[in-house]
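**Student:** The listed protein sequences derive, respectively, from chains E and R.
Under numbering that gives the first Met the number 0, the letters of the first sequence match residues 0 to 441, in that order.
Under numbering that gives the first Met the number 0, the letters of the second sequence match residues 0 to 381, in that order.
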Amino acid sequence: MKKTIAFALAALACSTLAWAQAGPNPAEVATLDNGFIRIGEFRSVSRNNVGASSFLFPSGETLVTGLHSSVGTDVFPGGLMPVNSLYNQLDYNLVSYGWKGRTRGFHTVEVGVKGEYGLSVPREIFQILKCGTAGSPFDLSSLRAFGNLYGEIAYGYAFPLGDNFSVGTRAKLLVGLASVDVVAHRFDLTTSADKYSFDLDANVDITNSMKKIRTDEYGNLDYTSLTGKGKLGAPTGAGLALDFGLEWKPFPGFTLAASVLDLGGILWYYGNEGYSNGAYTFDGLKELGLGDLNADGITSRLKALGDEVLSVVRPYHEEGCFKVKSIPLTAMVKASYAMPFWERLSVGASGLYTGYSFCAPYWEARGGLALDFPEIFHLEANAGSGSYGFVYGVYGSVNFLSFKLYGGYENGIGGTVPYESTPLKANNKGIVAGLIYKIAAD
Amino acid sequence: MKTGIIRIALSVSVLIALCGCRHDEYDISDGIDTEITLFADEVSLPVGDIGPLTPRVLLDNAGVGGMLKSFVQEDSDGYLILEQSEPFYTNWVMMLSMLSTDPSQPMDIPVDAYSAAPSSSSSTLSQMGFSLSPQVITLTADNPLTEEIAVSGKIVVSSNAEGDEAPATLASREFARAKVAAEAAQATVVSLEITGGKDIGSCRVEDVVLHLPASIMEKDSKSGMGAFSLSYNYKGYLSVVDGFPASLPFSIDKLDLPLAQYRVKEARIQAEVSSEIPITLELESVDVLVKNADDMLVPCEDVTVTPGIRIDSGRTGEPAVTPIDVRIQALNGTIPDINGFRLAVRILGPTTEGDNRLGLNQSIYVRNLRATVSGGITIQGL
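#1: Which residues mark the beginning and the end of the beta strand (DSSP E) in which residue 190 of chain E is found?
#2: Listed in chain order, which residues of the region 178-201 of chain E have Cβ atoms closer than 8 Å to some Cβ of chain R?
#3: Do you know whose CA, among R:296, R:239 and R:292, lies nearest residue 357 of chain R's CA?
#4: Name the chain R residues that come within less than 8 Å of residue 63 of chain E, Cβ to Cβ?
#5: With a threshold of 8 Å between beta carbons, is residue 363 of chain R in contact with chain E?
#6: Quick check: what's the CA-CA separation for residue 276 of chain E versus residue 218 of chain E?
#7: Bridge partners for residue 203 of chain E per DSSP, in chain order?
#8: Could you tell me if the beta carbon of residue 76 of chain R falls within a distance shorter than 7 Å of some heavy atom in the ligand FAD?
#9: Is residue 404 of chain E close to chain R, meaning its C-beta is less than 8 Å from at least one C-beta of that chain?
#10: Beta-carbon within less than 6 Å of residue 112 of chain E's beta-carbon, same chain only, minus the 5 sequence neighbours each way: which residues are those?
#11: What is the rounded straight-line gap between the Cα of residue 100 of chain E and the Cα of residue 160 of chain E?
#12: In the DSSP output, which residue or residues are listed as bridge partners for residue 365 of chain E?
#13: If you draw a straight line from the alpha carbon of residue 171 of chain R to that of residue 100 of chain R, how long is it in whole angstroms?
#14: Let me know the secondary structure DSSP gives residue 361 of chain R once reduced to three states.
#15: In three-state terms, what does DSSP make of residue 44 of chain R?
#16: So the candidates are E:62, E:87 and E:128; which of them puts its Cα closest to the Cα of residue 378 of chain R?
#17: Please report the straight-line C-alpha distance between residue 370 of chain R and residue 277 of chain R, rounded to a whole angstrom.
#18: Thinking residue 170 of chain E and residue 153 of chain E are a contact (beta carbons under 8 Å), I'd like their distance in whole angstroms, please.
#19: So which residues of chain E does residue 320 of chain R contact, with C-beta pairs closer than 9 Å?
#20: Can you list, in chain order, the residues of its chain whose CB lies under 6 Å from that of residue 21 of chain R, leaving out five sequence neighbours each side?
#21: Using alpha carbons as the reference points, say which of R:32, R:38 and R:33 lies closest to residue 373 of chain R.
#22: Take residue 390 of chain E as the anchor and find which of E:424, E:302, E:118 and E:233 has the nearest alpha-carbon.
#23: Quick one: what's got a C-beta closer than 6 Å to residue 197 of chain R's C-beta in the same chain, skipping five residues either side?
#24: Apart from the five residues just before and just after residue 72 of chain E, which ones in its own chain have a Cβ nearer than 7 Å to its Cβ?
#25: Below 8 Å between beta carbons is the criterion; list the residues of the region 258-282 of chain R that meet it against any residue of chain E, in chain order.
#26: Buried or exposed: where does residue 72 of chain R fall if 16 or more other Cβ atoms within 10 Å of its Cβ makes it buried?
#27: Quick one: is residue 285 of chain E near chain R, going by C-beta distance under 8 Å?
#28: Does the count of Cβ pairs from the region 299-309 of chain R and the region 322-333 of chain R closer than 8 Å reach three?
#29: Straight-line CA distance for residue 43 of chain R to residue 416 of chain E?
#30: Pick helix, strand or coil for residue 131 of chain E, following the three-state DSSP scheme.
#31: Taking the continuous alpha helix (DSSP H) assigned at residue 383 of chain R, which residues delimit it?
#32: For residue 249 of chain R, name the three-state secondary structure that DSSP assigns.
#33: Helix, strand or coil for residue 261 of chain R? Go by DSSP, reduced to three states.
#34: If you compare alpha carbons, which of E:271, E:311 and E:300 is closest to residue 285 of chain E?
#35: Using a Cβ-Cβ distance under 8 Å, would residue 377 of chain R count as near chain E?
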């Protein structure tokens with residue numbers, strides 16, 4: 000009975016106001032007496048600072064795109080962000096094992112895999128398409144696409160300091176599996192009636208755990224030609240990250256927790272390394288003759304022009320190199336208070352900040368209610384505001400025998416486009432689901 | 000316990016309601032209108048440079064190059080010319096030696112006067128609006144002797160008679176003892192140039208005398224079978240002095256520009272035309288041709304093209320640069336599918352005096368051609 004109560008309290012600590020988008024605070028297991036095994040936790044985070052409603056608009060009885068003539072320029076692209084980004088993260092915790100140490104501390108070992116990918120597009124691109132070239136010059140340097148896949152092996156240790164204060168830390172060995180990163184450090188486009196010109200400085204970093212990209216006769220990466228045997232899963236990078244956390248319970252019913260997660264990065268080896276650096280000016284097709292002034296002639300000249308542009312844009316192959324790239328850093332503060340008149344109901348507040356190396360940081364603040372019936376279920380709801388507007392979330396868990404099944408869902412207001420599941424508005428969507436098996440304490 | 004269950008039920012209901020929040024106005028089950036209008040304000044883009052275009056290429060492309068060459072010739076530099084050449088005196092050394100009373104003495108041989116009239120092509124070209132300027136009359140001589148000879152005489156160029164008035168003398172030149180080098184062939188004795196596109200009625204060579212040295216038989220490498228000869232040569236360079244009396248219709252009727260689908264309202268085309276051709280071109284009007292229900296080409300009343308485009312004249316090596324600005328505008332709707340253009344082109348004389356010879360190798364460039372489309376380009380379907 001005593002063990003069961005202890006586990007129930009631990010479950011409450013783990014789940015109370017545990018929003019889906021942040022990993023667990025390493026300090027929250029400090030006071031656990033029993034061990035546990037967590038199997039297959041799945042976590043998904045999707046953060047878009049634009050949604051379908053930034054690109055689709057009602058017009059009469061139908062929907063039109065922002066490029067439709069009925070949509071004003073103040074709405075589109077005026078309603079877009081300076082940099083429009085899409086970020087998705089998928090974490091899969093294969094297994095976690097936690098046990099009480101011989102001393103007062105609590106140990107955890109976790110093995111998982113993480114994947115993330117994203118895209119950012121500057122508003123200027125839509126500005127050109129919608130309005131034309133009158134707004135020249137354009138800065139397109141925030142154009143970026145990336146994707147990373149890496150494994151994570153973590154060891155955590157948490158321990159109480161006194162009766163109401165706990166600290167925890169978690170060290171993670173990161174094993175890089177694959178990475179693609181296309182970055183435009185400089186991409187200036189100038190358009191006028193006399194000439195179009197661009198100045199580009201971009202890098203293409205692709206790991207070669209899979210196949211090696213061949214180079215063409217000019218030394219450019221040729222994506223249509225691959226060589227070598229597939230080595231999917233072979234490490235192409237290594238890194239380290241640290242989590243820190245603390246939990247403070249200054250008086251009965253009140254808990255204050257803070258954590259910093261994923262402080263670190265990965266040293267990737269990019270075997271397929273390329274760079275595009277150069278300027279190009281197009282001031283018209285030259286020496287057009289009468290024979291060129293037909294569809295075939297013009298197409299032929301445009302094809303030659305395209306080849307010229309590609310000679311500047313196409314990444315030139317460089318020797319493979321190592322690059323350190325940080326992983327998204329998350330900081331979170333949470334506070335909860337169990338109501339004195341009914342301790343199963345608690346109120347809470349939290350703040351979350353995520354810093355990215357490739358786009359603007361994300362932040363949010365939420366308040367919520369939690370309802371907890373130990374050994375039966377736990378349920379909570381929260382709402383607040385963040386970088387992309389209103390957000391809400393729900394979280395719940397069910398206990399059955401020695402198992403605890405939990406899940407959470409978070410989103411911004413506005414729902415999704417029916418049948419498409421496309422986020423309607425800028426959103427911060429998170430899903431978490433997992434299963435814990437409790438191990439009885441000795 | 001009952002209160003607790005109610006609280007739980009209420010909480011769950013709120014959460015389900017939040018999760019199910021959707022906007023009906025974004026139901027895309029019926030699809031999205033994929034019509035888009037790009038560059039709604041204005042888009043400008045450089046098109047390029049066209050050229051060099053030469054009259055030779057343009058005339059051949061228009062299918063009139065062969066016709067023109069039936070009237071005129073082309074000299075080695077590509078200038079269009081009318082040319083006549085006719086020997087009017089020939090005599091053998093042996094014959095002249097036999098006529099001489101004392102072959103050991105120098106002798107003067109008088110030559111009969113000669114008159115020539117311009118070819119009929121001249122008047123035909125004149126009726127078409129062309130002029131001949133400059134016109135060069137040259138007297139050439141063949142000297143079979145191993146010693147130089149001399150020629151004297153006079154060239155008189157006269158106009159056509161107008162009514163009862165006698166022909167006027169347009170130009171004349173006397174020449175005395177003009178030298179002809181030993182064993183020269185077609186050596187120029189004298190040359191006379193008339194400018195201004197004057198209408199030549201006749202050209203007379205008179206009072207011509209061959210001044211021969213002594214002992215001409217001994218100085219003929221062909222032992223008396225060599226021949227003295229004199230030739231009249233006329234060369235008139237084609238030019239446009241006053242311009243053509245009426246504008247010329249010029250049609251381009253094999254186009255298929257499917258522009259209607261893009262719903263463009265206005266397009267502006269700007270360029271600098273660099274022309275070496277010594278004529279001034281004035282585009283008086285441009286009709287946009289579209290196909291009617293019977294598949295016939297008819298002018299489109301709704302589309303206007305900026306009239307009054309003028310391209311200044313230049314000359315070989317000294318091109319004139321003229322900026323042009325053409326605006327194609329749909330008055331009410333949008334620019335339709337274009338199947339051709341009907342141009343009214345006025346050909347005027349050059350704006351400057353001097354060497355205004357027309358040549359088939361003179362170049363015309365359309366430089367820095369750029370297009371600006373206002374009001375957007377509409378495309379149906381992404």
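Just so it is clear, CB atoms sit at the ideal spot from N, CA and C, and this is done for glycine as well.
**Tutor:** So, to answer that:
#1: Where residue 190 of chain E is concerned, the enclosing beta strand (DSSP E) stretches over 164-190.
#2: So the close ones are 190, 191, 192, 193, 194 and 195.
#3: In terms of CA proximity to residue 357 of chain R, R:239 leads the group R:296, R:239 and R:292.
#4: Using a Cβ-Cβ cut-off of 8 Å, residue 63 of chain E is close to 31, 32 and 34 of chain R, given in chain order.
#5: Among the residues facing chain E, residue 363 of chain R is not included, as its CB has no counterpart in that chain under 8 Å away.
#6: Whole-angstrom Cα-Cα distance: 14 Å.
#7: Within the DSSP secondary-structure output, residue 203 of chain E pairs in a beta bridge with E:181 and E:273.
#8: Summarising the ligand content, the structure contains no ligands, and the ligand FAD is consequently not present.
#9: Judged by the 8 Å Cβ criterion, residue 404 of chain E is not in contact with chain R.
#10: Non-local C-beta neighbours of residue 112 of chain E in its own chain, meaning closer than 6 Å and more than five positions away in sequence, comprise 91 and 150, ordered along the chain.
#11: Roughly 15 Å separates the two Cα atoms.
#12: Note: residue 365 of chain E sits in a beta bridge opposite E:349 and E:383.
#13: Rounded to the nearest whole angstrom, the CA to CA distance from residue 171 of chain R to residue 100 of chain R is 34 Å.
#14: Correct three-state label for residue 361 of chain R: coil.
#15: In the structure shown, residue 44 of chain R sits in a strand (DSSP, three-state: E or B).
#16: Checked all of E:62, E:87 and E:128; the closest Cα to residue 378 of chain R is E:128.
#17: Taken atom to atom, the span from the alpha-carbon of residue 370 of chain R to that of residue 277 of chain R is near 28 Å.
#18: Indeed they touch by this definition, with Cβ atoms about 7 Å apart.
#19: Ordered by position in chain E, no residue passes the 9 Å Cβ test against residue 320 of chain R, which lies about 15 Å from the chain.
#20: Legend: pLDDT at residue 21 of chain R = 49, less than 50; position of this residue unreliable, no value from coordinates given.
#21: Proximity to residue 373 of chain R across R:32, R:38 and R:33 peaks at R:38, based on C-alpha coordinates.
#22: Nearest to residue 390 of chain E by C-alpha distance, out of E:424, E:302, E:118 and E:233, is E:424.
#23: Here the set comprises 169.
#24: Closer than 7 Å at Cβ, skipping near neighbours: 129 and 130.
#25: Flagged, chain order: 269.
#26: Burial call: exposed.
#27: Judged by the 8 Å Cβ criterion, residue 285 of chain E is in contact with chain R.
#28: Under the three-pair Cβ rule at 8 Å, the region 299-309 of chain R counts as touching the region 322-333 of chain R.
#29: Distance between the alpha carbons of residue 43 of chain R and residue 416 of chain E: 37 Å.
#30: Here residue 131 of chain E sits in strand by DSSP.
#31: No statement about residue 383 of chain R is possible, as the shown extent of chain R runs from 0 to 381 and does not include it.
#32: Looking at residue 249 of chain R - three-state DSSP - the assignment turns out to be strand.
#33: Helix at residue 261 of chain R.
#34: For residue 285 of chain E, the closest alpha carbon among the candidates E:271, E:311 and E:300 is that of E:300.
#35: Closer than 8 Å to some Cβ of chain E, the Cβ of residue 377 of chain R qualifies, so yes.
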